[in-house]
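First comes the structure, then the notes that go with it.
Set out below in structure tokens:
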């Protein structure tokens, strides 16, 4: 089962290798990792998506909390948090399929960043399933380049609404 | 924060911080990238520096010092190879939770990352084997990193920390200095409040008919011996200890069933099978003790530990108390009732009688078990004993009974051959008035044998009990039992003359081979508090029993008397 961990860490050099190293060392598999500084310049937020049962995730949390630079670890339940990924895709189009491509983009709420004679550059954000879905729909056109962020997440303030 | 008005160099500041924290002794080896620090150390009147022969020796000495005194052990090395020679010791200290501060020289900050002479990324290399590490990029950052390092090394579950100290930062001037109240004395740091329900915990114990206490190395780090004894006596519960926990509960106490696990006593391991309640006090259900989920199959399991990550890590438990062991037991004690457990205690006594530690002492050859027992008797069990790793380590754990904590120094988690001699040296520096004995084998001894020179140079009284069977005995034992006697590369076809070797370092030495020489040998070895080496020739085929074969559980324990069955 996939779990999303939101981790607050001290914004020091080396913290990233402490955290990511912990996963490789203890044999846990990470699907994605996304890092950014928070409103406090001394603190970074990491979102890690990993596959594992509750036992594994419990172990990961315990081991993370032993790192001196880790301030907080939160296991984000899917229903009680917003989870987003961003993808940039450059793909080929021809005169004959150009309008089909544009229709798809409109339908998916995709942002168009650049149009050339034979290519489109688009931006899309959504949850992992939606991003994967967009990629699979675009794929037949011929993807030239793709760049996908890891997942980021934040918990809803009102947890009772779930 | 307070600042000194006068700017001093990073090297000077490091020396002053060590002095203020109460560090009296450091073990190290100088080299290019750490010279500015050594130049400042030269002026220190408070810190004694022990010049070793190899950095691995330095860190094991720091470990022996730390384990035998409860204080922080400090070691120093230069950059590159000096620093990488600390790796084994850092890993050892991490696994056995020994508080160590390692200070390493580093190439100047402008040369970092250029593959400079004697450059190694020791910060990166030591991430997984330290509790905390830092590369000090500016002298202004030093006191902050130093404080973090000491607090983390000594606080909570202790462990090794490393400060990587570039040469130019050692020379850089700074006025930034935190006013600290750091002390390397044991149990100085504030302990977290105990989390959990001590009453519920005690109730489970009260309901047990056949309780067993299982005590680990955490009991030593927590200085919880008195509390454990009080708990055992109040609950009338037998006590078994892990290899790391030896000495935390008196080995001679009527409630002691000795060590459990792979080479533990048969009665301790049988008690694990029969108990209906097992209370883990600062141990970690290590795989040499608890291989499978069916560990203590008939028991309710309870666990007290300072490290929350240890709960349910390998073996699931029913009750958890998170916190310092000493504090936790103090909270449990008032709720503990002294139940009538006569039949359980009688049962334990009959297990002890029917399944004693045993070996064949007929014939003319000297048996290590017998010799260790005599050393134990002669020293009245009051020596500090360090060991290397292998058969001799297990015999020492079985036949030397430890009544006090901090008197047993062994590499438990990592199983580091070469640990014993330097650990004994470190312990002797920390306990000059006590007898310190290193029990070693002809394999392990040669892994840090160069530290004989440190003994000689410091005029130190360290006793070395060397069991020589011209084999890697434990490897040989496994090959005999599980590899159809194919002794692949376990025999030393050449060994030096250990007596002459010791004498070359000015250490009186003697070799004995026959039973008739035992008394003479013991007298020679223990006649005063000075250094001595005794080489005891033992039969290569002598094995450590009992034994739980690798991958098996307590049920599969092989005793000495079962050997015939096993061989068929």
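Protein chains in written order, with full-length UniProt numbering: chain A, 1 to 162; chain B, 1 to 568. Glycine included, every Cβ here is placed at the ideal spot set by N, Cα and C. Everything numeric in this text was worked out from a predicted model, so none of it was measured.
With a cut-off of 9 Å, does the C-beta of residue i fall near any C-beta of chain A?
i: residue 127/B; result: yes
i: residue 505/B; result: no
i: residue 124/B; result: yes
i: residue 134/B; result: yes
i: residue 311/B; result: yes
i: residue 138/B; result: no
i: residue 352/B; result: no
i: residue 131/B; result: yes
i: residue 307/B; result: yes
i: residue 1/B; result: Confidence is the limiting factor: at residue 1/B the pLDDT is only 46, short of 50, which leaves the residue's position unreliable and the question unanswerable from this model.
In the DSSP assignment, what are the bridge partners of residue i?
i: residue 25/A; result: Looking at the DSSP assignment, residue 25/A forms no beta bridge with any residue, so it has no partner.
i: residue 49/B; result: 26/B
i: residue 241/B; result: 215/B and 259/B
i: residue 165/B; result: 105/B
i: residue 474/B; result: Partner(s): none; residue 474/B has no beta bridge.
i: residue 157/B; result: Answer is none; residue 157/B lacks a bridge partner.
i: residue 365/B; result: 514/B
i: residue 408/B; result: 385/B
i: residue 46/A; result: 7/A and 35/A
i: residue 41/A; result: In the DSSP output, where bridge partners are listed per residue, residue 41/A has none listed.
i: residue 91/A; result: 120/A and 143/A
i: residue 330/B; result: For residue 330/B, which the question treats as bridged, DSSP gives no partner whatsoever.
i: residue 437/B; result: 385/B and 463/B
i: residue 305/B; result: 322/B
i: residue 75/A; result: 5/A
i: residue 81/A; result: 155/A
i: residue 163/A; result: What the structure shows of chain A is the stretch from 1 to 162, and residue 163/A is not part of that stretch, so it cannot be assessed.
Taking Cβ positions only, does residue i come closer than 9 Å to chain B?
i: residue 23/A; result: no
i: residue 11/A; result: no
i: residue 65/A; result: yes
i: residue 18/A; result: yes
i: residue 126/A; result: no
i: residue 14/A; result: yes
On the criterion of 16 or more Cβ atoms from any shown chain inside 10 Å, does residue i qualify as buried, or is it exposed?
i: residue 144/A; result: exposed
i: residue 36/A; result: exposed
i: residue 198/B; result: buried
i: residue 156/A; result: exposed
i: residue 277/B; result: buried
i: residue 46/A; result: buried
i: residue 2/B; result: Only weak support is given to the placement of residue 2/B: the predicted model assigns it a pLDDT of 49, under 50, and the value that follows is read from those uncertain coordinates. Burial call: exposed.
i: residue 358/B; result: exposed
i: residue 303/B; result: buried
i: residue 6/B; result: exposed
i: residue 506/B; result: exposed
For the structure I just gave you, are there three or more beta carbon pairs, one from the region 140–159 of chain B and one from the region 107–127 of chain B, closer than 8 Å? Taking 8 Å as the limit for Cβ pairs, the verdict is that the region 107–127 of chain B does not touch the region 140–159 of chain B.
Contact set between the region 28–53 of chain A and chain B, restricted to residues whose Cβ is under 7 Å from the partner: Listed by position, the residues of the region 28–53 of chain A near chain B (Cβ gap below 7 Å) amount to none.
Counting Cβ pairs, one atom from each stretch, are 3 or more of them under 8 Å apart for the region 278–298 of chain B and the region 37–55 of chain A? With a cut-off of 8 Å, the region 37–55 of chain A and the region 278–298 of chain B do not count as touching, because too few Cβ pairs lie within range.
Using a Cβ-Cβ cutoff of 7 Å, what residues of the region 207–230 of chain B are near chain A? List them in chain order. Flagged: no residues at all.
Chain-ordered residues of the region 146–161 of chain B with a beta carbon less than 8 Å from chain A: Taking 8 Å as the upper bound on Cβ-Cβ separation, chain A lies near residues 148 and 152 of the region 146–161 of chain B.
Quick one: which residues of the region 56–85 of chain A get their C-beta closer than 8 Å to a C-beta of chain B? List them in chain order. Contacts with chain B (Cβ-Cβ distance below 8 Å) from the region 56–85 of chain A involve 58, 59, 62, 63, 65, 66 and 68, listed in chain order.
With 8 Å as the limit, tell me which residues of the region 529–548 of chain B have their beta carbon closer than that to any beta carbon of chain A; keep them in chain order. Listed in chain order, the positions of the region 529–548 of chain B with a beta carbon within less than 8 Å of a beta carbon of chain A would be empty, since no residue qualifies.
Any contact between the region 135–154 of chain A and the region 79–90 of chain A? By contact I mean 3 or more CB pairs, one from each, below 8 Å. Using a C-beta cut-off of 8 Å, the region 135–154 of chain A makes contact with the region 79–90 of chain A, since at least three inter-stretch Cβ pairs fall below that distance.
Decide if the region 210–226 of chain B is in contact with the region 235–247 of chain B; the criterion is three or more beta carbon pairs, one per stretch, under 8 Å apart. With contact defined as three or more Cβ pairs closer than 8 Å, the region 210–226 of chain B and the region 235–247 of chain B are in contact.
Are three or more beta carbon pairs between the region 380–388 of chain B and the region 219–230 of chain B nearer than 8 Å? Flag = no, the region 380–388 of chain B and the region 219–230 of chain B do not touch.
With contact counted as at least three CB pairs below 8 Å, one residue from each stretch, are the region 5–21 of chain B and the region 15–29 of chain A in contact? Because the criterion of three Cβ pairs below 8 Å is not met, the region 5–21 of chain B and the region 15–29 of chain A do not touch.
Between the region 131–150 of chain A and chain B, which residues of the former have CB atoms less than 7 Å from a CB of the latter, in chain order? For the region 131–150 of chain A, which is checked against every Cβ of chain B, not one residue is closer than 7 Å.
Evaluate contact between the region 57–76 of chain A and the region 304–312 of chain B, counting only Cβ atoms and requiring at least three cross-stretch pairs below 8 Å. Short answer: they touch.
Determine, using beta-carbon pairs with one atom in the region 432–451 of chain B and one in the region 476–485 of chain B, whether at least three such pairs fall under 8 Å. For the pair of segments examined, the region 432–451 of chain B was found not to touch the region 476–485 of chain B: the number of CB pairs separated by less than 8 Å stays below three.
Using a Cβ distance threshold of 8 Å, determine whether the region 113–129 of chain B contacts the region 169–180 of chain B, with at least three qualifying pairs required. At 8 Å Cβ cutoff, the stretches do not touch.
Whether or not the region 544–561 of chain B and the region 344–361 of chain B are in contact is what I'm after, with contact meaning three or more pairs of Cβ atoms, one per stretch, closer than 8 Å; do they touch? The count of Cβ pairs closer than 8 Å, one atom from the region 344–361 of chain B and one from the region 544–561 of chain B, reaches three, so the stretches are in contact.
Could you tell me whether the region 89–103 of chain B touches the region 402–417 of chain B, where touching means 3 or more Cβ pairs closer than 8 Å? They touch, by the three-pair rule.
Could you check whether the region 26–36 of chain B touches the region 72–80 of chain B, counting it as contact only if at least three pairs of C-beta atoms, one from each stretch, sit closer than 8 Å? Output reads yes: the region 72–80 of chain B touches the region 26–36 of chain B.
Any contact of the region 152–164 of chain B with the region 126–134 of chain B, i.e. 3+ C-beta pairs under 8 Å? In short, these stretches touch, since the Cβ pair count reaches three.
Would you be able to state if there are at least three C-beta pairs under 8 Å between the region 8–25 of chain A and the region 62–75 of chain A? Contact check between the region 62–75 of chain A and the region 8–25 of chain A: three or more CB pairs, one atom from each, fall below 8 Å, which counts as touching.
Stretch pair the region 360–377 of chain B + the region 525–544 of chain B: three plus CB contacts closer than 8 Å: Yes: at least three Cβ pairs fall under 8 Å.
Kindly confirm or deny that the region 427–445 of chain B and the region 387–404 of chain B touch, where touching means at least three C-beta pairs closer than 8 Å. The region 427–445 of chain B vs the region 387–404 of chain B: in contact.
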